[in-house]
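What follows is a single structure, written as C-alpha cells, with notes after it.
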Amino acid sequence: MQFDLSFVISLAAIVVMVFCLLQVIKLGKTVPGGIVGKAWRQLSALVILFTVGYLVTPFFSLLPAQVINPIVSLIFLFGAIYVWITVRLIHRVISELTS
Amino acid sequence: MQPEWVFSKTPRGSAELEQRSLGLTFMCRRLLIMVDGKRTLGELIHDLGGSMDVLAMLEKLVANDLVAAPAGAVMRRPEGPHAIELGPKARLCELADSLLGSAAAKISAKITACGDGAEELNACVDACVRLIRLTIDETKAAEFKRQASTILAH
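Protein chains in written order, with the working numbering: chain A, 1 to 99; chain B, 1001 to 1154.
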C-alpha cells in the first residue's frame, strides 16, 4: 500500500461514501414507497456497491492491473446508472408537482 | 361512525387545550373540550346543536392525534338505521384509511385541512394523488383517484 496523494484522496472518498451510506439508511426510513421509495431503494443498493468499491481503492497498488481495470470500469458504469436514476427521479418529481 | 361511539382525548389533545399551539377554531376547541371519554358521538352532536360539522371536526381531531377513536373502531361510513351520513371530506378520509392503512395519516391531515368547496376538494384530491404516487404506491394512487372522483361526483 502506497501512502501518496491518491491514497489520501481515496481515504477522503471512502469517508464521504460511508457518510452517504449512513444518510441513505437513516433517511430511507422516512421514504415508505411510491416512485421516490422505488428509486431510493435502487440508489441505496448502488451506494452500498460504491462503498464496497471505494474500500478496495487503497489496495489498488497490491492488485494486478487485470483486476483493477474491470473494478474501475464497473465503478464508472454504476456511477453512470446512479446519475441516470437520479435524473429520472428528479424529472418524475418535477412532472408530478407541475402536472 | 356510529352514534354510540365514545371518543377520548389523547395526551396531545390535553396538552393542546393548555398550550393552544395549533390554532384550533372555536368550535373545534369546544368539541375537544367536550370529548371526555364518556359522552357518545350522538350526545356530542346533540350538545353541539345537531351540527353535522361535528363529524368533520372529529375526523380532523383524530387525524391530528388530539382525539382517540374508540378501541377497534375504524373511521368508516356507518351502517344501519341510526347511521350518520358523512360529508365528502370525511368519506375521503375514510377512503384513505381503508386504502392506505397506516400510511394514510398524512393524506387524511391534508384532506381535513382543505376547504369545503368543490374546487378546493378537487385540488386537494389531485395533491393527495400526487403525494400517494410519489411516496406510497402508484397503483393505490390510481385507485384513490378513481374512488375519490366517485365521491366528489355525488
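By construction, the Cβ of each residue, glycine as well, lies at the ideal position given by its N, Cα and C atoms. Just so you know, these numbers come straight off a predicted model, no measurement behind them.
Assigned exposure category for residue i - 16 Cβ within 10 Å defines buried
i, result
"B:PHE1007", "buried"
"B:ASP1126", "exposed"
"B:LEU1095", "buried"
"B:PHE1144", "buried"
"A:ILE90", "exposed"
"A:LEU27", "exposed"
"A:VAL52", "exposed"
"B:THR1112", "buried"
"B:LYS1009", "buried"
"B:PHE1026", "exposed"
"B:ARG1133", "buried"
"A:TRP40", "buried"
"A:PHE50", "buried"
"A:THR57", "buried"
"B:LEU1061", "buried"
"A:ASP4", "exposed"
"A:ALA12", "exposed"
"A:ALA117", "Beyond the ends of chain A as shown, which are 1 and 99, falls residue 117 of chain A; an answer cannot be given."
"A:ALA65", "exposed"
"B:ALA1104", "buried"
Test item: CB-CB of residue i and residue j under 8 Å
i, j, result
"B:ARG1130", "B:ASP1065", "no"
"B:LEU1024", "B:LEU1044", "no"
"B:ALA1090", "B:GLU1059", "yes"
"B:GLU1004", "B:GLY1042", "yes"
"A:GLY34", "B:ILE1107", "no"
"B:LEU1152", "B:PRO1088", "yes"
"B:ALA1063", "B:ALA1123", "no"
Per DSSP, cross-strand counterpart(s) of residue i
i, result
"A:ALA39", "DSSP output for A:ALA39 lists no bridge partner at all."
"B:ALA1068", "B:SER1008"
Residue i, DSSP secondary structure in three states
i, result
"B:LYS1038", "coil"
"B:LYS1110", "helix"
"B:SER1102", "helix"
"B:LYS1009", "strand"
"B:GLN1002", "coil"
"B:PRO1088", "helix"
"A:VAL52", "helix"
"B:PHE1026", "helix"
"A:ASP4", "coil"
"B:ALA1148", "helix"
"A:VAL31", "coil"
"B:ALA1083", "Below a pLDDT of 50, predicted positions are generally treated as unreliable, and B:ALA1083, at 45, falls in that range; the measurement from the model is reported next regardless. Here B:ALA1083 sits in coil by DSSP."
"B:GLU1018", "helix"
"B:ASP1116", "coil"
"B:ILE1045", "helix"
"B:ASP1097", "helix"
"B:HIS1154", "coil"
"A:LEU63", "coil"
"B:ASP1137", "coil"
"A:SER99", "coil"
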